[in-house]
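*Asks:*
In our numbering, the protein residues as written are 8 to 194.
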């Protein structure tokens with residue numbers, strides 16, 4: 008029974024989380040409950056787990072930077088699709104007072120900067136050497152998967168990067184709708 012010996016290439020924690028996310032997405036879509044926390048997390052973690060798995064199984068010998076950025080974009084777009092099918096719609100107006108809300112342009116710059124810094128730091132730290140021998144790294148391998156394969160690093164990078172990209176895409180979509188409404192007013 009060598010397949011039961013840990014650490015696996017894809018660890019038990021991402022497997023359990025991805026199965027739970029599929030269940031949570033199914034419930035959110037079936038019951039039209041987009042505002043629950045389970046729907047949000049399920050829609051974030053399901054595409055992240057699936058895209059990291061596809062990268063491990065099919066594209067593991069490709070450039071990790073391209074895999075990371077591409078998977079983040081795909082996962083964040085899948086989040087919007089899942090949330091749309093569960094009944095999520097953007098509110099008509101998100102304008103609030105200027106004291107509490109930094110403004111869409113400042114928020115956009117902050118999110119883009121965070122995305123760039125996160126990906127640069129992540130790509131600098133994650134591609135490490137082979138398997139782990141020290142305690143922290145050993146626990147990392149037992150929960151997320153072996154470090155000498157691309158899955159464990161990509162899973163975390165896709166999950167956090169897609170979360171930032173969701174905010175960027177939401178702001179871009181909001182700006183597009185505002186531009187469309189001012190350029191082509193309805194009669």
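Backbone N, C-alpha and C define an ideal beta-carbon position, used for all residues, glycine too.
Note that the coordinates shown come from a computational prediction; the quantities given were computed from them, not determined experimentally.
Check residue 54 in the structure and name its three-state DSSP category.
*Replies:* Three-state result, residue 54: helix.
*Asks:* Taking the alpha carbon of residue 57 as the point to measure from, which residue in 125, 148, 162, 111 has its own alpha carbon closest?
*Replies:* Nearest C-alpha to residue 57: 162.
*Asks:* Short check: CB of residue 41 to CB of residue 82, under 7 Å?
*Replies:* Result no, Cβ atoms of residue 41 and residue 82 do not sit closer than 7 Å.
*Asks:* Which one of 191, 117, 76, 156 has the shortest CA to CA distance from residue 64?
*Replies:* That would be 156, whose Cα lies nearest to the Cα of residue 64.
*Asks:* Hey, how far is the Cα of residue 110 from the Cα of residue 125?
*Replies:* Roughly 22 Å between the two C-alpha positions.
*Asks:* Starting from the C-beta of residue 115, find all residues in its chain whose C-beta is less than 6 Å away, skip the five residues before and the five after it, and write them out in chain order.
*Replies:* Here the set comprises 178.
*Asks:* Helix, strand or coil: how does DSSP classify residue 40 here?
*Replies:* In the structure shown, residue 40 sits in coil (DSSP, three-state: anything other than H, G, I, E or B).
*Asks:* Considering only residues of the same chain and omitting the five flanking positions on each side of residue 72, which have a CB-CB separation below 7 Å?
*Replies:* Result list for residue 72: 130, in chain order.
*Asks:* What number of angstroms, rounded off, separates the C-alpha of residue 170 from the C-alpha of residue 148?
*Replies:* Cα-Cα distance, rounded: 23 Å.
*Asks:* Take every Cβ of the stretch 26-46, pair it with every Cβ of the stretch 174-192, and state whether three or more of those distances are shorter than 8 Å.
*Replies:* Touching, no, given that fewer than three Cβ pairs across the two stretches are closer than 8 Å.
*Asks:* In the DSSP assignment, the alpha helix (DSSP H) including residue 79 goes from what residue to what residue?
*Replies:* Looking at the DSSP string, the run of the alpha helix (DSSP H) that includes residue 79 is 71-92.
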